[in-house]
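In the numbering used here, the protein residues as written are 28 to 307. Here a beta-carbon is modelled for each residue, glycine too, at the ideal position from N, C-alpha and C. Because the structure is a prediction, the values reported are computed rather than measured.
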C-alpha cells in the first residue's frame, strides 16, 4: 500500500478528526430531535452514505500511487519533426529529460515531488490534507473528494438548520437548547470544509480545461478523429475510461486498470521494456 511518511499525516489526521466529529454530532442531534423514527433513519442513512463516500475518496487519494515513474523504464516522447507524430524512443538528439534527485530519466509530463521523493506523472500539487501528491493516479479520487466532502457538509448544515427552524421555541444555538453549541460547531466545520473544497474544485476545473497535455492525450488516444475536445473527453483520461461509467463515481486504487498498454503509454509517457506496444 502506498503511504507517504511526511508531516502531512498530522494535517490529514486533523481533517479526518474534524469531519468525524461533525458527522457524529449531526447524528446525535438528529436522534435527540427525531428519536428512532423514519425521519432519523432516512436522514441518518443519507448522511452515512455521503460520509462513507467522502471518507473512501480521502482514503484512496491518500493510499494510491499518484503516478510515480519507475526507474529503468523506456521514456517516450513525440518527435515533432515527424509528420505522422508517432512515438519514438528518446535519444541524445531529441533530448533525454533526466532527474538528478531520482537518478533516472523521466517523461516531460512528470515533475519531481520532494515529499513523495519521486517524479510524478501529471503532478498537480502535493496536498497536505490527503498527505499525497495529486497526479494521474490520484486525480480522480481527489476530484471525488472535492465533490463528496462539501456535499456531506451541506447536508449536515441543512439538517442543523432544519432542526432550528422546525421548533423555534425549543431549538436553537443557545446553551440550553438543541442543537446548541454542537450546532454551531457543525456549521463551522461545514463552512470551513465546504468553502475550501468549493475553491479547490473551481481551480481544478480550470486546470483540467486548460491543460494542453490532456488535450494532446485525448487527440492521441482517439487518433485525432475528434474536432472538439470537451471536458467529458478530458475527464475520460482522468477517470480511466473514454465514456462515463458507474465506476467514475466510486473511489478506487487502480483507476487505469482497464486501459490498454498502448493508451497507458500515451498517458504515462513511458513504457516498461517488456510491455512496449509502440516499438517492435
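For residue i, count neighbouring C-beta atoms within 10 Å of its own C-beta (all shown protein chains included) and say buried if the count is 16 or more, exposed if not.
{"i": "residue 292", "result": "buried"}
{"i": "residue 32", "result": "exposed"}
{"i": "residue 166", "result": "buried"}
{"i": "residue 271", "result": "exposed"}
{"i": "residue 260", "result": "buried"}
{"i": "residue 66", "result": "exposed"}
{"i": "residue 300", "result": "exposed"}
{"i": "residue 225", "result": "exposed"}
{"i": "residue 233", "result": "exposed"}
{"i": "residue 236", "result": "exposed"}
{"i": "residue 77", "result": "buried"}
{"i": "residue 100", "result": "buried"}
{"i": "residue 63", "result": "exposed"}
{"i": "residue 111", "result": "Residue placement at residue 111 cannot be trusted, given a pLDDT of 42 that sits under 50; the coordinates are not used to answer."}
{"i": "residue 30", "result": "exposed"}
{"i": "residue 28", "result": "exposed"}
{"i": "residue 170", "result": "buried"}
{"i": "residue 132", "result": "buried"}
Just reading off the alpha helix (DSSP H) that residue i is part of, what are its end residues?
{"i": "residue 88", "result": "65-90"}
{"i": "residue 209", "result": "207-236"}
{"i": "residue 35", "result": "35-61"}
{"i": "residue 240", "result": "239-248"}
{"i": "residue 291", "result": "288-295"}
{"i": "residue 265", "result": "258-266"}
Would residue i pass as a contact of residue j if the rule is Cβ separation under 8 Å?
{"i": "residue 153", "j": "residue 136", "result": "no"}
{"i": "residue 216", "j": "residue 49", "result": "yes"}
{"i": "residue 134", "j": "residue 296", "result": "yes"}
{"i": "residue 156", "j": "residue 36", "result": "no"}
{"i": "residue 256", "j": "residue 242", "result": "yes"}
{"i": "residue 164", "j": "residue 282", "result": "yes"}
{"i": "residue 45", "j": "residue 74", "result": "no"}
{"i": "residue 184", "j": "residue 219", "result": "no"}
{"i": "residue 285", "j": "residue 267", "result": "yes"}
{"i": "residue 206", "j": "residue 179", "result": "no"}
{"i": "residue 126", "j": "residue 95", "result": "no"}
For residue i and residue j, I'd like the C-alpha separation in whole angstroms.
{"i": "residue 159", "j": "residue 85", "result": "10 Å"}
{"i": "residue 172", "j": "residue 181", "result": "14 Å"}
{"i": "residue 114", "j": "residue 240", "result": "Residue confidence for residue 114 is low, a pLDDT of 45 falling below 50, so the modelled location carries little weight and cannot support an answer."}
{"i": "residue 210", "j": "residue 52", "result": "8 Å"}
{"i": "residue 58", "j": "residue 68", "result": "9 Å"}
{"i": "residue 117", "j": "residue 102", "result": "In this prediction, residue 117 has a pLDDT of 45, which is less than 50 and means its spatial position is unreliable; what the coordinates show is noted afterwards. Near 6 Å, if we compare the C-alpha coordinates of residue 102 and residue 117."}
{"i": "residue 274", "j": "residue 227", "result": "23 Å"}
{"i": "residue 265", "j": "residue 200", "result": "43 Å"}
{"i": "residue 287", "j": "residue 248", "result": "10 Å"}
{"i": "residue 130", "j": "residue 175", "result": "39 Å"}
{"i": "residue 148", "j": "residue 34", "result": "23 Å"}
{"i": "residue 43", "j": "residue 89", "result": "12 Å"}
{"i": "residue 56", "j": "residue 71", "result": "10 Å"}
{"i": "residue 197", "j": "residue 294", "result": "58 Å"}
{"i": "residue 194", "j": "residue 87", "result": "40 Å"}
{"i": "residue 92", "j": "residue 222", "result": "27 Å"}
Just checking: is the beta-carbon of residue i within a distance shorter than 8 Å of some beta-carbon in chain D?
{"i": "residue 48", "result": "The structure shown contains no chain D, having only a single protein chain."}
Hey, would you say the C-beta of residue i is under 7 Å away from at least one heavy atom of the ligand GDP?
{"i": "residue 84", "result": "No copy of the ligand GDP appears in this structure; indeed no ligand is present at all."}
Enumerated in chain order, which unbroken segments of the beta strand (DSSP E) with a length of 3 residues or greater are wholly contained in the region 140-199? Those beta strand (DSSP E) runs which fall completely within the region 140-199 and span 3+ residues are 145-148, 152-154, 159-161.
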